[in-house]
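S.K.: Supplied in structure tokens, the structure appears directly below.
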Amino acid sequence: MKKGLLGIEALTTEEIQAILDRARHYKPLERSGQKLDRLRGKTIIHLFYENSTRTRISFELAARRLGADTVSITAQASSVQKGESLLDTLNTLVAMHPDAIVMRHSASGAPHFLARYLETSIINAGDGTHEHPTQALLDAFTILEYKPTLEGLKVAIIGDIAHSRVARSNLLLLSKFGAQVVLCGPPPLVPPELARLSPRVSLSYDVDEAIRGADVIMMLRVQLERQNEPYFPSAQEYFRFYGLRLDHMRLAREDAIVMHPGPINRGREITSEVADFPRSVILNQVANGVAVRMAVLDLLLGPDQPPPEIN
Ligand code: CP
2 MKKGLLGIEA LTTEEIQAIL DRARHYKPLE RSGQKLDRLR GKTIIHLFYE NSTRTRISFE
62 LAARRLGADT VSITAQASSV QKGESLLDTL NTLVAMHPDA IVMRHSASGA PHFLARYLET
122 SIINAGDGTH EHPTQALLDA FTILEYKPTL EGLKVAIIGD IAHSRVARSN LLLLSKFGAQ
182 VVLCGPPPLV PPELARLSPR VSLSYDVDEA IRGADVIMML RVQLERQNEP YFPSAQEYFR
242 FYGLRLDHMR LAREDAIVMH PGPINRGREI TSEVADFPRS VILNQVANGV AVRMAVLDLL
302 LGPDQPPPEI N
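Numbering of the sequence shown is given in my numbering, commencing with residue 2 and proceeding in unit increments.
Right, here's the structure in full:
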């Protein structure tokens with residue numbers, strides 16, 4: 002976290018804990034609308050080469066609540082459309098002296114490549130199929146609102162694992178904190194090499210087996226935009242074998258929570274009955290995104306002295 006935030010992989014458990022603690026500190030601001038001046042005089046550019054609702058808006062709200070100036074730009078509305086390269090685009094933005102660039106890109110490793118060339122802090126808001134670190138941080142924060150610790154939890158991550166940066170960042174974070182992670186989906190969408198990242202990660206192709214005894218069920222969207230070939234015969238068949246229905250919940254622990262990073266596709270990977278049921282925390286995840294992103298921005302760009310008490 003010294004210069005930017007590129008992924009969970011490079012963070013220590015102490016750094017992750019510091020982000021979660023700071024997010025907990027800022028969480029009460031969610032409803033009060035109170036603004037702080039921790040980042041007054043700082044400018045943050047949000048550069049999104051891929052669509053986003055949750056990540057982009059919550060980063061912007063987080064920056065503004067800390068008093069920063071923000072500018073947002075999408076690839077569709079920028080000179081990228083005129084053929085400007087990624088590096089030239091970033092050099093152009095850096096010439097205007099932002100303090101940080103929050104970026105999302107479809108190429109895995111794009112922010113890591115730029116961080117090697119640029120002095121400005123880069124925050125990864127999702128790079129291809131690689132990492133989405135702030136999603137994993139807000140997911141951990143949300144789990145810890147319902148469970149006393151991550152250690153020993155069984156977390157079933159179900160869906161299109163192969164194309165999911167959310168799955169990768171989550172399995173890295175959760176296994177660092179001692180959770181047991183089961184990755185489940187159709188065999189072509191569950192890369193066996195992910196199980197080699199940690200002894201706490203296992204694979205399953207059977208939803209019932211993955212959910213049995215789970216404390217947390219994390220459903221993923223099928224990322225058709227990243228698939229060049231069909232990985233399963235039809236949406237109906239996918240839902241039949243890998244969609245989450247209410248009757249599955251009997252297999253999980255009785256206090257199990259259901260998560261989804263969004264956007265959700267009702268009837269494709271999750272029924273409305275489960276998405277909207279009392280132990281679904283999908284909208285809590287969205288809400289927590291603001292506090293967690295405030296914590297990341299504050300720890301990266303804010304003053305060294307501790308934040309003020311929040312009323
Ligand atoms: N979870 C997530 O990254 O959502 P968005 O694509 O809407 O930002």
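Quick reminder that beta carbons are idealized off the backbone N, C-alpha and C, glycines included.
Taking residue 249 as part of the alpha helix (DSSP H), name the residues at either end of that continuous run.
M.R.: Segment: none, residue 249 is in no alpha helix (DSSP H) and carries neither H nor E.
S.K.: Let me have the residue list for the ligand CP: C-beta closer than 7 Å to any non-hydrogen atom, ordered along the chain.
M.R.: With the cut-off at 7 Å, the residues found are 52, 53, 54, 55, 56, 57, 127, 133, 136, 167, 262, 263 and 264.
S.K.: Residues in its own chain within less than 6 Å of residue 80 by CB, not counting five upstream and five downstream?
M.R.: Once the five neighbours on either side are set aside, residue 80 has no close Cβ partner at all.
S.K.: Quick one: residues in its chain with C-beta nearer than 8 Å to the C-beta of residue 196, no 5 flanking neighbours on either side, listed in chain order?
M.R.: Excluding positions up to five away in sequence, the list reads 184, 202, 203 and 204.
S.K.: Quick one: what's residue 49 bridged to in DSSP?
M.R.: For residue 49, which the question treats as bridged, DSSP gives the partners 75 and 105.
S.K.: Buried or exposed: which applies to residue 133, given that a residue is buried once 16 or more other Cβ atoms fall within 10 Å of its Cβ?
M.R.: Buried: at least 16 other Cβ atoms inside 10 Å.
S.K.: Can you give me the C-alpha to C-alpha distance between residue 53 and residue 37, rounded to a whole angstrom?
M.R.: So the two alpha carbons sit approximately 26 Å from each other.
S.K.: Could you give the residue range of the alpha helix (DSSP H) that holds residue 237?
M.R.: That run of the alpha helix (DSSP H) goes 236-243.
S.K.: Check each candidate in 191, 222 and 154 and name the one with the smallest Cα separation from residue 207.
M.R.: Comparing Cα positions, the closest option is 191.
S.K.: Pick from 236, 266, 240 and 288: whose alpha carbon is nearest that of residue 57?
M.R.: For residue 57, the nearest C-alpha among the options comes from 288.
S.K.: Which stretch, first to last residue, makes up the alpha helix (DSSP H) that contains residue 97?
M.R.: Segment: none, residue 97 is in no alpha helix (DSSP H) and carries neither H nor E.
S.K.: Within a Cβ cutoff of 8 Å, which residues of the same chain sit near residue 265, ignoring the five residues on either side of it in sequence?
M.R.: Once the five neighbours on either side are set aside, the close Cβ partners of residue 265 are 220, 222, 271, 276 and 283.
S.K.: Buried or exposed for residue 47, going by 16 or more other Cβ atoms inside 10 Å?
M.R.: With 16 or more Cβ atoms within 10 Å of its Cβ, residue 47 is classed as buried.
S.K.: Do you know how far the Cα of residue 166 is from the Cα of residue 199?
M.R.: Their Cα atoms are separated by approximately 16 Å.
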